[in-house]
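For reference, each letter of the first sequence is one residue, going 0 to 123 in numbering that gives the first Met the number 0.
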Amino acid sequence: MSFSYPKKEKLKSQKLIEQLFSEGKSVSAYPLRMVYLKTEFEDTTVTFQTGVSVSKRNFKKAVDRNRIKRLLRESYRLNKSAYFNNILSSYALMILYIGKDGTDFDSVDKKMKELLHTFSKKVS
RNA sequence: CGAGUAGAUCGCCUUAUCGCAACGGCUUAUUUGUCGUUGAGGAAAGUCCGAACACCAUAGUGCAAUCAUAGUGGUUAACAGCCAUCCAUCGAGAGAUGAGGAAAAGUGCAACAGAAAGAAUGUACAGGUCAUGCUGUAGUGAAAUCAGGUAAACUCUAUGUGGUGCAAUGUCAUGUAAACUAGUGAUUGAGCGUGCACGCGCGAUGCUAGAGGGUAGGCAGCUAAAGUUUGCUGGUAACAGUAAACGCAGAUAAAUGAUAGGGAUGCCAACUAGAUUAGUCUUGUUGGUAUACAGAAUUCGGCUUAUAGAUUUACUUUCCCA
RNA sequence: GGCCUCGUAGUUCAACUGGAUAGAAUAUCAGAUUUCGGCUCUGAGGGUUGGAGGUUCGAAUCCUCUCGAGGUCA
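Okay, here's the thing in structure tokens:
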């Protein structure tokens with residue numbers, strides 16, 4: 000599994016996202032929180048579809064939101080292969096940033112590892 | 001030198017590794033792999049004006065309900081923008097600001113104070129008259145008789161204005177309920193076509209309301225445009241004309257990023273060298289610190305607001321020196 | 001992305017068509033009443049009318065810019 004994070008691994012279907020939030024379970028490592036749901040994709044080569052989200056309420060400026068979403072995507076991209084190789088079934092994931100203050104890459108990276116670790120333990 | 005005024009430009013650079021999006025080529029055979037090119041702004045922001053474009057009848061007539069603009073002239077596709085200029089106010093000045101038409105068409109408004117507030121009158125003193133608020137001053141007030149003030153009060157004048165907005169609109173796919181309840185209606189026409197009336201068109205498996213059911217995916221619209229840069233010509237200028245070169249983002253839970261190093265610039269501190277009577281200024285080294293505001297969403301022209309800091313042009317002015 | 005609506009004491013609302021100390025209820029504080037507390041009665045404080053400019057003699061009210069909150073559209 001490479002460090003790539005192409006378009007087909009992004010969670011885009013509005014229907015699936017609604018289903019995810021209504022039926023999914025969650026794990027959290029403050030200020031991060033992940034909602035996950037076991038599901039099947041039409042494209043069988045894909046095992047995970049992941050989206051990221053930052054509340055407009057906590058971050059009013061588009062620049063700040065974009066910045067945090069980029070950090071989340073980057074840390075997910077770098078860390079996913081270390082934790083997901085043992086997971087066989089496919090999941091839809093949504094990673095949320097709950098905090099209200101800005102952050103940097105190091106702390107996000109640290110929390111992301113924590114989050115993915117607890118997730119992989121819980122699922123397997 | 002200091003203080004200040006009005007503009008213009010820029011607004012971090014670079015290397016390595018790991019990635020993202022679009023397009024094109026090759027490969028495979030419809031899914032990959034690989035190579036190449038390109039990939040945020042001066043405000044992309046606010047959505048305050050003006051357009052393009054699309055649909056609503058090929059958008060017609062009247063009302064002007066509603067609304068916008070407002071010295072004069074020019075500029076533009078258009079504008080409430082821009083340029084020039086007059087006037088008024090502010091500033092010592094360079095300059096700044098101005099919704100700056102009409103109060104001699106009409107209506108309204110003016111608290112408190114004051115005799116009196118647009119209608120009639122009147123206090124004190126002085127002057128004047130045959131006589132009288134007839135005249136001046138005082139007093140109240142923002143305003144006291146002046147063709148008064150107020151039009152960002154109604155209004156009048158001139159000019160302009162149909163509405164809705166790319167979640168427009170077209171098309172493909174998927175799916176459901178032409179079901180249920182209440183009201184209303186049948187050619188003597190309910191209602192619809194996004195202000196009202198007329199007109200025109202549509203119109204019965206209708207229309208209005210209630211409570212519900214289903215889809216919220218793809219493609220086109222979508223980026224070459226009143227284009228950008230430079231030069232020349234005309235014009236005080238905004239701007240116009242012309243020549244050459246360039247080919248410049250298209251995402252959609254929404255690309256343009258992350259990490260590590262090197263450098264640049266500003267500020268602070270220390271040291272060093274130099275200039276000067278001095279305040280202070282300059283050169284170099286080292287360390288620390290900072291590098292703003294902010295992220296395209298149909299596209300343009302403006303306006304407004306946010307913005308660390310740097311560069312630069314023209315000008316004003318105090319003191320001193322020549 | 002587009003289009004609308006609303007901002008007044010801590011809270012819920014008033015303030016007529018521009019006129020002067022922006023008012024009421026509730027909450028808060030103090031006093032009275034009570035053995036103490038509640039209820040009740042009396043009094044007090046609390047607002048640069050979201051912010052900044054302009055028009056006017058005078059602005060919560062009219063105009064412009066700005067900040068914040070909410071709604072709606074396929």
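C-beta atoms are modelled at their ideal positions from N, C-alpha and C, and glycine is treated no differently.
Annotation for K9: Q48, T49, G50 place their beta carbon closer than 8 Å to its own, counting only its chain and skipping 5 residues before and after. Using a 10 angstroms sphere on the CB of L31, the tally of other CB atoms reaches 16 or more, which defines it as buried.
CA-CA distance, S52 to L87, rounds to 25 Å. If you look at F40, you'll find it isn't in any alpha helix (DSSP H); DSSP assigns it neither H nor E. Look at the segment 15–87 and you find these whole runs of alpha helix (DSSP H), each 4 residues long or longer: 61–83. Annotation for V26: M33, L114, T117, F118, K121 place their beta carbon closer than 7 Å to its own, counting only its chain and skipping 5 residues before and after. In this structure Y35 touches A91 by the C-beta definition: roughly 7 Å separates them, less than 8 Å. With contacts defined as CB atoms closer than 8 Å, L77 and F20 fail to qualify as a contacting pair.
Secondary structure at L10: coil, using DSSP grouped into helix, strand and coil. For a cut-off of 8 Å, the C-beta gap from S74 to M111 is around 4 Å, short enough to register as a contact. Residue pairing of Y90 in beta bridges, as defined by DSSP: K37, F47.
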